[in-house]
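Q: Taken in sequence, the protein lines are chains A and B. No gaps in the numbering here: position 454 of the first sequence is 454 in the working numbering, and each next residue is one more. No gaps in the numbering here: position 406 of the second sequence is 406 in the working numbering, and each next residue is one more.
There are 2 protein chains.
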Amino acid sequence: MKPLYVRVNPLDNVAIVVNPEGLSSGSVFECGLVLKETIPQAHKVALVDIAPDGEVIRYGQAIGSARRAICRGSWVREELLTLPEPPALDRAPFAAATPVPAPPLEGVTFDGYRNADGSAGTKNILGITTTVQCVAPTVEFAVRRIKAEILPRYGGVDDVIAITHPYGCGVAIDAPGAEIPIRTIRNLALHPNLGGEAMVVSLGCEKLQPARLFAIGEDAPWMVRLQDEQYGGFGDMVAAIMALAEKRLEKLSRRTRVPCPASDLVVGLQCGGSDAFSGVTANPAVGHAADLLVRAGATVMFSEVTEVRDAAHLLTARAADADVARALVRELAWYDAYLARGGADRSANPTPGNKRGGLANIVEKALGSVAKAGTTAIMAVTGPGERVTSKGLVFAATPASDFVCGTLQAAAGMTVHVFTTGEGTPYGLAMAPVIKVASRTTLARRWPDLIDVDAGRIATGDATIEEVGREIFELILDTASGRKRTWSDRWGLHNAPSLFNPAPVT
Amino acid sequence: MKPLYVRVNPLDNVAIVVNPEGLSSGSVFECGLVLKETIPQAHKVALVDIAPDGEVIRYGQAIGSARRAICRGSWVREELLTLPEPPALDRAPFAAATPVPAPPLEGVTFDGYRNADGSAGTKNILGITTTVQCVAPTVEFAVRRIKAEILPRYGGVDDVIAITHPYGCGVAIDAPGAEIPIRTIRNLALHPNLGGEAMVVSLGCEKLQPARLFAIGEDAPWMVRLQDEQYGGFGDMVAAIMALAEKRLEKLSRRTRVPCPASDLVVGLQCGGSDAFSGVTANPAVGHAADLLVRAGATVMFSEVTEVRDAAHLLTARAADADVARALVRELAWYDAYLARGGADRSANPTPGNKRGGLANIVEKALGSVAKAGTTAIMAVTGPGERVTSKGLVFAATPASDFVCGTLQAAAGMTVHVFTTGEGTPYGLAMAPVIKVASRTTLARRWPDLIDVDAGRIATGDATIEEVGREIFELILDTASGRKRTWSDRWGLHNAPSLFNPAPVT
Numbered sequence: 001m002k003p004l005y006v007r008v009n010p011l012d013n014v015a016i017v018v019n020p021e022g023l024s025s026g027s028v029f030e031c032g033l034v035l036k037e038t039i040p041q042a043h044k045v046a047l048v049d050i051a052p053d054g055e056v057i058r059y060g061q062a063i064g065s066a067r068r069a070i071c072r073g074s075w076v077r078e079e080l081l082t083l084p085e086p087p088a089l090d091r092a093p094f095a096a097a098t099p100v101p102a103p104p105l106e107g108v109t110f111d112g113y114r115n116a117d118g119s120a121g122t123k124n125i126l127g128i129t130t131t132v133q134c135v136a137p138t139v140e141f142a143v144r145r146i147k148a149e150i151l152p153r154y155g156g157v158d159d160v161i162a163i164t165h166p167y168g169c170g171v172a173i174d175a176p177g178a179e180i181p182i183r184t185i186r187n188l189a190l191h192p193n194l195g196g197e198a199m200v201v202s203l204g205c206e207k208l209q210p211a212r213l214f215a216i217g218e219d220a221p222w223m224v225r226l227q228d229e230q231y232g233g234f235g236d237m238v239a240a241i242m243a244l245a246e247k248r249l250e251k252l253s254r255r256t257r258v259p260c261p262a263s264d265l266v267v268g269l270q271c272g273g274s275d276a277f278s279g280v281t282a283n284p285a286v287g288h289a290a291d292l293l294v295r296a297g298a299t300v301m302f303s304e305v306t307e308v309r310d311a312a313h314l315l316t317a318r319a320a321d322a323d324v325a326r327a328l329v330r331e332l333a334w335y336d337a338y339l340a341r342g343g344a345d346r347s348a349n350p351t352p353g354n355k356r357g358g359l360a361n362i363v364e365k366a367l368g369s370v371a372k373a374g375t376t377a378i379m380a381v382t383g384p385g386e387r388v389t390s391k392g393l394v395f396a397a398t399p400a401s402d403f404v405c406g407t408l409q410a411a412a413g414m415t416v417h418v419f420t421t422g423e424g425t426p427y428g429l430a431m432a433p434v435i436k437v438a439s440r441t442t443l444a445r446r447w448p449d450l451i452d453v454d455a456g457r458i459a460t461g462d463a464t465i466e467e468v469g470r471e472i473f474e475l476i477l478d479t480a481s482g483r484k485r486t487w488s489d490r491w492g493l494h495n496a497p498s499l500f501n502p503a504p505v506t
Numbered sequence: 001m002k003p004l005y006v007r008v009n010p011l012d013n014v015a016i017v018v019n020p021e022g023l024s025s026g027s028v029f030e031c032g033l034v035l036k037e038t039i040p041q042a043h044k045v046a047l048v049d050i051a052p053d054g055e056v057i058r059y060g061q062a063i064g065s066a067r068r069a070i071c072r073g074s075w076v077r078e079e080l081l082t083l084p085e086p087p088a089l090d091r092a093p094f095a096a097a098t099p100v101p102a103p104p105l106e107g108v109t110f111d112g113y114r115n116a117d118g119s120a121g122t123k124n125i126l127g128i129t130t131t132v133q134c135v136a137p138t139v140e141f142a143v144r145r146i147k148a149e150i151l152p153r154y155g156g157v158d159d160v161i162a163i164t165h166p167y168g169c170g171v172a173i174d175a176p177g178a179e180i181p182i183r184t185i186r187n188l189a190l191h192p193n194l195g196g197e198a199m200v201v202s203l204g205c206e207k208l209q210p211a212r213l214f215a216i217g218e219d220a221p222w223m224v225r226l227q228d229e230q231y232g233g234f235g236d237m238v239a240a241i242m243a244l245a246e247k248r249l250e251k252l253s254r255r256t257r258v259p260c261p262a263s264d265l266v267v268g269l270q271c272g273g274s275d276a277f278s279g280v281t282a283n284p285a286v287g288h289a290a291d292l293l294v295r296a297g298a299t300v301m302f303s304e305v306t307e308v309r310d311a312a313h314l315l316t317a318r319a320a321d322a323d324v325a326r327a328l329v330r331e332l333a334w335y336d337a338y339l340a341r342g343g344a345d346r347s348a349n350p351t352p353g354n355k356r357g358g359l360a361n362i363v364e365k366a367l368g369s370v371a372k373a374g375t376t377a378i379m380a381v382t383g384p385g386e387r388v389t390s391k392g393l394v395f396a397a398t399p400a401s402d403f404v405c406g407t408l409q410a411a412a413g414m415t416v417h418v419f420t421t422g423e424g425t426p427y428g429l430a431m432a433p434v435i436k437v438a439s440r441t442t443l444a445r446r447w448p449d450l451i452d453v454d455a456g457r458i459a460t461g462d463a464t465i466e467e468v469g470r471e472i473f474e475l476i477l478d479t480a481s482g483r484k485r486t487w488s489d490r491w492g493l494h495n496a497p498s499l500f501n502p503a504p505v506t
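And the structure:
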């Protein structure tokens, strides 16, 4: 393979090396550029001489300034860059460049499970919600028996899952921020893929009483409370959970897939283990799929506050109106304060793997991350754990942690998850299918039984962003309809829910 | 059953009703006291008239002052009490009343598994530590196959467990407090019941690099890193974990139980779902067992900062020396600040169940809680997640959350856990056996397949604190030796590790 780099924006004064083995000092690109030193794949090369304090530009934006002179053909490494201040939130431009809607894509549908609340599921799962970790092993014990003894009799139900978490007791349940884990548990319990109805196992004495989650009385139909006097020990508890589960399974097994408009689809976008290719291949391809979904009427969420913080000014400008921009600023400012209270800031974000993958700092990571969000207007902003109710592109304000973001996007109502990765991760969720998109062909080839889409073909010129984006769009519809299964679902790889609790434990 | 109350201390001006059905207004106690109103079991009755602002005294200490006059024979409910200020830490008496050591109990032993690091296990478990949640489903998949396909060939190994958690990435890993989850994961991996050697599965790009946990190089003997180029996808990853696990199982299965002195035993004490009986029956009985263990040379931990905070002055006085008292004050002050930073204080602690069980506030709960710690001198204080190295009674400063406390006591090296409960919880841990002690006979009778010891007999006069304490002491030795199995182990009830991370997620 001849020496190859990718420059994203005509303004950029750096580009990234495409060749899988990297390039050695002296390599010559087609344009005549000669490498001054050896540069690994995905790392940056200076396209021009950059003066001390000069801006290093990628994605058409400054990702930092040079600590010293950087010669043309040199490796632009993390330690050569100073981290710029994040964009000031009080001067963010509100709805200054709201994109004009693209022509709608009419008649796009998927085959989903219609719920009484109007939502549509992409799976048909019995989910058993727990109010407190005390009951988790009991519910897990019952779930193993339900799957072995009862589920085989009820066709058409995909899975039985225990929604366990470490919340519910031993927490400051009235402290600021405690509403986040509470509404997350509520919204997970009512997830469209669980039929939109909650089945709950409570202990009895926990702080998170079921009535804090749901409008239910003592005789709630789908609840087992282990401390109730009628249960004479563990055997009785398990029998009660199994009996209630069987009633739910009877109901769930009567459901069938029906054609649903794309406007019933809620797609969550996330990246994890990003590299410098993520913003060039996988994320723009997902961004194109996001644009198609929005045109088809679907809801598309992007998230990860610390990974969009440095693009705040670009996002507020894209807001549908000033209210949406204001809500975005409110969520970003809340997170700034949350991090500061804990003695951290957004620079805590890039991982060793991100850096190994060529990402110098959080600014570069953020600019690549927002490429997932495509080009449409941001129609709404939701707080962490809230249910999304708008159509079109929505910012769901969640931490960037893969598991926390996935959990909160699920709580928001996500029924298909698209996950881009550069370094690779065998990630999955029980509640919604996860489509994994690799930023590099080397990863897609090395992990053929984990990666669903190879977006690395974009860097080598073997496919366009639009082609891979269209492929992802079709795969989302096929997956939502149960026509295709993701690798993580085939293996049953399901990361446990991970709640975001900014309040103290007690 | 005739009307019966329990008064703990001669100074007390309240007592709690013993009768399981409670007592109705007009009931007459043997002493002539007549109930002015109906009082549920475990709730408090005023033994004398208490003037407005007068102290309400239980355990010989003020648990609050009366909001209005309380007549002799009335129900002393939560809303009649004002919550006093917590004991001032800057005026806590240091080692002012250090208990004199009781005569040692010589020759007490248990049959444990000796480890190379000098520790002794009470179980023989293959534990697979994860550095990050990304790898959890892969490890869980491998563990299911290891248990089905490999473990049956290796006798003498009790279990194979995946030590999963939501930490490792997406966290501010250099923020203040981040050392707590990191050292917790390290110390769990090196737990005595896992052979004192870690087997680790890492992803590769995560923030929590294995080298932050262990002094290991690239060629660490017991590690699989999923992103390593040699693994061509999921099948290879699982095969690598299974092959490494088999080597560990070969080694573990060669171990046998050998007599170990009681000084090799590390017992962790905790309460959960407490009621007003907890401080009268279960906790004092466990306290007597703790005294016997200390006399036999063992290490005994008590914990739960918010549940000892209101007894701070009693504990600093019991410290072995001023340094221990100073360490205690340091940990309690740290927790005060942690709660304040999150907009909470220790009053966030009592649960609805605690209150239903008769506990008016955190002061009453704390005074009952510290009864678990018996009467011996406090020899050392350890921070959350640290390994305990001292013998005798130790305060391991952990949150009161059952799961967090259990996890941190396990990280501290606990090999037997004693858990007292009033309301009842089907709690258990994978890493160490959990002995559950009920504070009331009604609970022990209702849950015969979950409760290991009925301490409720103390309230009805059917057993003394010393008798039940001795029974718990013997059961600890039998359980540690594998001669008896706890109910939670028989059912396999294992609450997942729950880390304490006071630092932000990103």
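Heads up, the beta-carbon is just placed ideally off N, CA and C, and yes, glycines get one too. These numbers were taken from a predicted model, which means no experiment stands behind them.
Return the residue from the list Pro137/A, Leu47/A, Arg326/A, Ala412/A that minimises the CA-CA distance to Gly268/A.
A: Looking at the Cα atoms, Ala412/A is the closest of the given residues.
Q: Return the residue from the list Pro284/B, Gly127/B, Pro101/B, Val329/B that minimises the CA-CA distance to Lys247/B.
A: Ranking Pro284/B, Gly127/B, Pro101/B, Val329/B by Cα distance to Lys247/B puts Gly127/B first.
Q: At 9 Å on the CB atoms, spell out the chain A contacts of Arg356/B, in chain order.
A: Here the neighbours are Gly204, Cys205.
Q: Check whether chain A comes within 7 Å of Pro504/B, counting only Cβ atoms and requiring the distance to be less than that.
A: Chain A, which has a Cβ nearer than 7 Å to the Cβ of Pro504/B, makes this yes.
Q: Go to Gln61/A, then tell me how far its alpha helix (DSSP H) extends in each direction, as first and last residue.
A: No alpha helix (DSSP H) contains Gln61/A, which is instead part of the beta strand (DSSP E) from 61-66.
Q: Taking 7 Å as the CB-CB limit, is His494/B close to chain A?
A: For His494/B, the answer is yes, since a Cβ of chain A falls inside 7 Å of its Cβ.
Q: Is any heavy atom of the ligand GDP found at a distance shorter than 6 Å from the C-beta of Arg72/B?
A: As far as ligands go, the structure on display features none, and thus does not contain the ligand GDP.
Q: Kindly indicate the opening and closing residues of the beta strand (DSSP E) around Pro448/A.
A: It is not in any beta strand (DSSP E) - Pro448/A carries neither H nor E in the DSSP assignment.
Q: Name the DSSP bridge partner or partners of Phe110/B?
A: Answer is Cys260/B.
Q: Using a Cβ cut-off of 7 Å, pull out every chain B residue sitting near Asn19/A, in sequence order please.
A: Simply none; closest approach about 16 Å.
Q: What is the rounded straight-line gap between the Cα of Asp507/B and the Cα of Val404/A?
A: Beyond the ends of chain B as shown, which are 1 and 506, falls residue 507/B; an answer cannot be given.
Q: Should Met431/A be labelled buried (16 or more other beta-carbon atoms within 10 Å of its own) or exposed?
A: Classification for Met431/A: buried.
Q: Would you say Val508/A and Gly64/A are within 7 Å of each other, going by their C-beta atoms?
A: Given that chain A is displayed from residue 1 to residue 506, the structure contains no residue 508/A and the question cannot be resolved.
Q: So, using beta-carbon positions, are Thr380/B and Ala92/B closer together than 7 Å?
A: Looking at the sequence itself, residue 380/B is Ala, so the reference to Thr does not match. Cβ atoms of Ala380/B and Ala92/B: not closer than 7 Å.
Q: For Met237/A, count neighbouring C-beta atoms within 10 Å of its own C-beta (all shown protein chains included) and say buried if the count is 16 or more, exposed if not.
A: Met237/A comes out buried.
Q: Considering only residues of the same chain and omitting the five flanking positions on each side of Met414/A, which have a CB-CB separation below 6 Å?
A: Hits under 6 Å: Val266, Gly268, Ala432.
Q: Taking all protein chains shown into account, decide if Asp53/A is buried (16 or more other Cβ within 10 angstroms of its Cβ) or exposed.
A: Exposed, because fewer than 16 other Cβ atoms sit within 10 Å of the Cβ of Asp53/A.
Q: So what does DSSP say about Cys134/A, is it helix, strand or coil?
A: Looking at Cys134/A - three-state DSSP - the assignment turns out to be helix.
Q: Please identify, using Cβ separations under 8 Å, the residues of the region 170-195 of chain B that lie next to chain A, in order along the chain.
A: Here the close residues are Gly170, Val171, Ala172, Ile173, Asp174, Ala175, Pro176, Gly177.
Q: What does the alpha-carbon distance come out to for the pair Gly204/A and Leu408/B?
A: Roughly 25 Å separates the two Cα atoms.
Q: How big is the Cα-Cα spacing for Pro10/A and Gly279/A?
A: In a straight line, the C-alpha of Pro10/A is about 15 Å away from that of Gly279/A.
Q: Is it buried or exposed for Met1/A, if we count other Cβ within 10 angstroms and need 16 for buried?
A: Under this definition Met1/A is an exposed residue.
Q: Considering only the alpha carbon of each residue, which of Ile146/A, Tyr338/A, Ala262/A, Thr130/A lies closest to Leu213/A?
A: Comparing Cα positions, the closest option is Thr130/A.
Q: Are the CB atoms of Ala396/B and Met301/B within a distance shorter than 7 Å?
A: A contact, by the Cβ cut-off of 7 Å.
Q: Please report the distance separating the alpha-carbon of Val17/A from that of Ser24/A.
A: Rounded to the nearest angstrom, the two C-alpha atoms are 11 Å apart.
Q: With which residues is Tyr5/A paired in a DSSP beta bridge?
A: Tyr5/A is bridged to Val17/A.
Q: Thr122/B and Ala480/B: beta carbons closer than 7 Å?
A: Going by C-beta atoms, Thr122/B is nearer than 7 Å to Ala480/B.
Q: Check the Cβ of Leu339/B against every Cβ in chain A and list those closer than 9 Å, keeping chain order.
A: Simply Ala172, Ala175, Pro504, Thr506.
Q: Please report the distance separating the alpha-carbon of Asp345/B from that of Ala344/A.
A: Roughly 23 Å between the two C-alpha positions.
Q: Helix or strand or just coil, what does DSSP make of Met414/B?
A: Correct three-state label for Met414/B: coil.
Q: What does the Cβ neighbour count give for Ala285/B, buried or exposed, with the cut at 16 atoms within 10 Å?
A: Result: buried.
Q: Is any beta-carbon of chain A found at less than 7 Å from that of Tyr427/B?
A: Closer than 7 Å to some Cβ of chain A, the Cβ of Tyr427/B qualifies, so yes.
Q: Identify the continuous beta strand (DSSP E) that holds Met431/B and give its terminal residues.
A: Element bounds for Met431/B: n/a, residue is neither H nor E.
Q: Taking only beta-carbon positions, decide if Gly456/A is within less than 7 Å of chain B.
A: Not closer than 7 Å to any Cβ of chain B, the Cβ of Gly456/A fails to qualify, so no.
Q: Leaving out five residues before and five after Asp158/A in sequence, what residues of the same chain have Cβ atoms less than 8 Å from its Cβ?
A: Only Lys123, Asn124, Ile125 meet the Cβ criterion.
Q: Do Tyr59/B and Leu367/B have their CB atoms nearer than 7 Å?
A: It is a contact, given that the beta carbons lie within the stated cut-off.
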